[in-house]
Amino acid sequence: MPMPGVTAEVFPEIAECLGITVPHVWDLASHDDEVASTLSIRQVQKLSLVTGVGIGDLIGLESGDSPFPIEAGEFCAAIRSHISEAYSGIPAFEEAIGWKVEEFLQDTDRLYDIVNWDCLRDVAFSVGIDPVAVLPRETQQANKPWDAPDDYLPR
150 MPMPGVTAEV FPEIAECLGI TVPHVWDLAS HDDEVASTLS IRQVQKLSLV TGVGIGDLIG
210 LESGDSPFPI EAGEFCAAIR SHISEAYSGI PAFEEAIGWK VEEFLQDTDR LYDIVNWDCL
270 RDVAFSVGID PVAVLPRETQ QANKPWDAPD DYLPR
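Mapping of the sequence shown onto our numbering: residues 150 to 304, in sequence order.
Pasting the structure below:
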């Protein structure tokens, strides 16, 4: 169970915070791979904050900090470079890895609002980057709940 100790009574609050439906929260609580495959990295941060469950536990990470963190812009630049060296263009890369990347390559600032962990992990591995290094620095302590600024969550 990816959200130990979280009871159904708080599912409506979680749904509102994440901008998803209550049935989606039920799926998150019921299926081990649901968080990693359906929530953006930003939503996982919020879920960690409201549930007190570490991000690593939510997405199935074994370890925490990456010794060489990579900013979103650097990550996207590495993807673009890899595409130009090994593929005929973005569509060919997307076809090869099974994920759409064009949207976040065009708007790097929204990377963590767009991608889920499964996508981030697969794309990072495909370009030879440790996916944990790409997580926002504040989330890299994977098995500790994320400590967000007071104004991060909607009230």
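Ideal Cβ positions, reconstructed from N, Cα and C, are used throughout, including at glycine.
Residue i (DSSP reduced to helix, strand or coil)
i, result
"SER197", "helix"
"SER233", "helix"
"GLY222", "helix"
"ASP271", "helix"
"PHE253", "helix"
Test item: CB-CB of residue i and residue j under 9 Å
i, j, result
"VAL199", "TRP266", "no"
"ILE190", "TYR236", "no"
"VAL281", "LEU210", "yes"
Residues bridged to residue i (per DSSP)
i, result
"SER189", "ASN265"
Start and end residues, alpha helix (DSSP H) containing residue i
i, result
"VAL281", "280 to 283"
"GLY205", "204 to 208"
"GLU244", "239 to 246"
"ASP176", "171 to 179"
"PRO161", "160 to 167"
Cβ of residue i within 9 Å of any chain C Cβ
i, result
"ILE208", "Checking the listed chains, one finds no chain C in this structure; it contains a single protein chain."
Outcome for residue i when other beta-carbon atoms lying within 10 angstroms are tallied against a minimum of 16
i, result
"PHE274", "exposed"
"PHE241", "Looking at the sequence shown, residue 241 is not Phe but Ala. By the neighbour-count rule (16 or more Cβ atoms within 10 Å), ALA241 is not buried but exposed."
"PHE217", "exposed"
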